[in-house]
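Scroll down for the structure; my scribbles are underneath it.
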Amino acid sequence: MDLILFGPPGAGKGTQAKILVEKLGIPQISTGDMMRAERASGSELGNKFAHYMTQGLLVPDELVLELFAQRLEKPDAKEGAIFDGFPRTVDQADALDAILSKLGRRVDHVIALQVPVESIVERIVGRRVCLSCGQTYHMRYSPPPPSGECVSCGSTDIVQRKDDTEEKVRTRFEAYEENTFPILAHYEPTGVVEKVDGLGEVEDITGRILSALGKN
Ligand code: AMP
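Residues 0 to 215 in numbering that gives the first Met the number 0 are what the sequence shown lists, from first letter to last.
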């Protein structure tokens, strides 16, 4: 199954993707996580990503698509994948459709997480992430344990992403509205778009997603 988790920054895509990996047995492909890993390696490509990411701007399609295509070729993605934060533009969606079509696949589902704008800033500014495994936390709703050790991997590298500030959220939300939101209209005619309420407890949202996928 090839599934796009769609929604504005802070909609819960990463949190849900990590849970769905277990439930569906297919990998999460997060271009944002891949770019952060590339930045952490200090490579030239990583520095190019940093230039855009630190400003809350989208990374140009040609850079994203190369990274994405290499990841989709890995054997663990041969039965499908959960796309998180990709596609971000209609051109990326066209490219995804073409890549999948060559493999005899298509986007089977687009789960569009619905979260009101007012909740986004609060969610993003309170968000913390484990640098080792990507586990996410929220200082108010699901804080890291008092020991400071990640519940998934035990690392103490739990930090606030540099682009998770109120100022950067605004730019990122504008990029979403202008470039990413039109992707829904691209997929709506194929009947694969399901709108899912993204507010509430994490497990309730997972339940809604699985129902939309016909999995419970
Ligand atoms: P995310 O982790 O998905 O919130 O992405 C963080 C940042 O990485 C974004 O604000 C963009 O600068 C960049 N990024 C991640 N995925 C993409 C993509 N598919 N296209 C363009 N830029 C991206």
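Positions of the beta carbon are idealized from the N, C-alpha and C atoms, including for glycine.
If you draw a straight line from the C-alpha of residue 184 to the C-alpha of residue 109, how long is it? As a working note, residue 184 is residue 185 in the sequence shown. As a working note, residue 109 is residue 110 in the sequence shown. Cα to Cα, the separation comes out at about 11 Å.
Can you grab the Cα-Cα spacing for the pair residue 34 / residue 86, in whole Å? Here the question's residue 34 lines up with position 35 in the sequence shown. Here the question's residue 86 lines up with position 87 in the sequence shown. Cα to Cα, the separation comes out at about 14 Å.
Taking only the alpha-carbon atoms, compute the straight-line gap between residue 52 and residue 59 and give it to the nearest angstrom. Here residue 52 refers to the residue found at position 53 when the sequence shown is read from its first residue. Here residue 59 refers to the residue found at position 60 when the sequence shown is read from its first residue. When rounded, the distance between both Cα atoms is 11 Å.
Decide if the stretch 182–200 is in contact with the stretch 99–114; the criterion is three or more beta carbon pairs, one per stretch, under 8 Å apart. These segments touch.
Taking 8 Å as the line, does the beta carbon of residue 164 fall inside it for any heavy atom of the ligand AMP? The sequence position of residue 164 within the sequence shown is 165, counting from 1. No - the ligand AMP has no heavy atom lying nearer than 8 Å to the Cβ of residue 164.
Between which residues of its own chain and residue 165 is the CB-CB distance below 7 Å, once the five residues before and five after are set aside? In the sequence shown, residue 165 corresponds to position 166, counting from 1. Answer for residue 165: 120, 124, listed in chain order.
Between the CA atoms of residue 115 and residue 168 - distance to the nearest angstrom: Reading the sequence shown from its first residue, position 169 is the one you call residue 168. Reading the sequence shown from its first residue, position 116 is the one you call residue 115. One C-alpha to the other measures close to 14 Å.
Name the two residues that bound the continuous alpha helix (DSSP H) containing residue 189. Counting from one through the sequence shown, the residue named residue 189 turns up at place 190. Premise fails: residue 189 is in no alpha helix (DSSP H) and is neither H nor E.
Go ahead and pull the three-state DSSP assignment for residue 159. Looking up residue 159 in the sequence shown gives position 160. Residue state, collapsed to three classes: coil.
Do you know offhand how far residue 149's Cα is from residue 136's? To locate residue 149, count along the sequence shown from 1; it is residue 150. To locate residue 136, count along the sequence shown from 1; it is residue 137. Cα-Cα distance, rounded: 9 Å.
Opening and closing residue of the alpha helix (DSSP H) in which residue 14 lies: Here the question's residue 14 lines up with position 15 in the sequence shown. Residue 14 -> alpha helix (DSSP H) spans 12–23.
Skipping 5 residues on each side, what residues in its chain have a beta carbon closer than 8 Å to that of residue 96? Position 97 of the sequence shown, counted from the start, is the residue given in the question as residue 96. 105, 106.
Please find out if some non-hydrogen atom of the ligand AMP comes closer than 8 Å to the beta-carbon of residue 122. By one-based count along the sequence shown, residue 122 stands at place 123. No; taking the cut-off as 8 Å, the Cβ of residue 122 has no heavy atom of the ligand AMP nearer than that.
Taking the beta carbon of residue 122 as the centre, do at least 16 other beta carbons fall within 10 Å, making it buried, or is it exposed? In the sequence shown, residue 122 corresponds to position 123, counting from 1. Counting Cβ neighbours within 10 Å, residue 122 comes out buried, since at least 16 surround it.
Just the C-alpha distance for residue 17 and residue 214, rounded to the nearest angstrom, thanks. Within the sequence shown, numbered from 1, the residue matching residue 17 stands at position 18. Within the sequence shown, numbered from 1, the residue matching residue 214 stands at position 215. The straight-line gap from Cα to Cα measures roughly 17 Å.
Specify whether the stretch 141–158 and the stretch 34–43 touch according to this definition: at least 3 beta carbon pairs, one from each stretch, less than 8 Å apart. As far as the Cβ criterion goes, the stretch 141–158 does not touch the stretch 34–43, which means the pair count is below three.
So is the beta-carbon of residue 87 under 8 Å away from any non-hydrogen atom of the ligand AMP? Along the sequence shown, one-based indexing puts residue 87 at 88. Yes, the ligand AMP has a heavy atom inside 8 Å of this Cβ.
Residue 204: which of 127, 128, 113, 158 sits nearest, CA to CA? By 1-based counting over the sequence shown, the position of residue 204 is 205. The residue with the shortest Cα to Cα distance from residue 204 is 113.
I'd like to check one pair, residue 31 with residue 6: are the Cβ atoms closer than 9 Å? Your numbering for residue 6 matches position 7 in the sequence shown. Your numbering for residue 31 matches position 32 in the sequence shown. Using a Cβ distance threshold of 9 Å, residue 6 and residue 31 do not count as a contacting pair.
Environment of residue 55 [buried if 16+ CB atoms lie within 10 Å]: Taking the first residue of the sequence shown as position 1, residue 55 is located at position 56. When all chains shown are included, residue 55 counts as buried.
Tell me the rounded alpha-carbon separation between residue 171 and residue 177. On the sequence shown, position 172 is the one that residue 171 refers to. On the sequence shown, position 178 is the one that residue 177 refers to. The straight-line gap from Cα to Cα measures roughly 10 Å.
Verify whether the separation of the beta carbon atoms of residue 82 and residue 1 is less than 9 Å. Taking the sequence shown and counting its residues from 1, one reaches residue 82 at position 83. Taking the sequence shown and counting its residues from 1, one reaches residue 1 at position 2. Yes.
When burial is assigned at 16 or more other CB atoms within 10 Å of the CB, is residue 29 buried or exposed? Working through the sequence shown from its first residue, we reach residue 29 at position 30. Buried, because 16 or more other Cβ atoms sit within 10 Å of the Cβ of residue 29.
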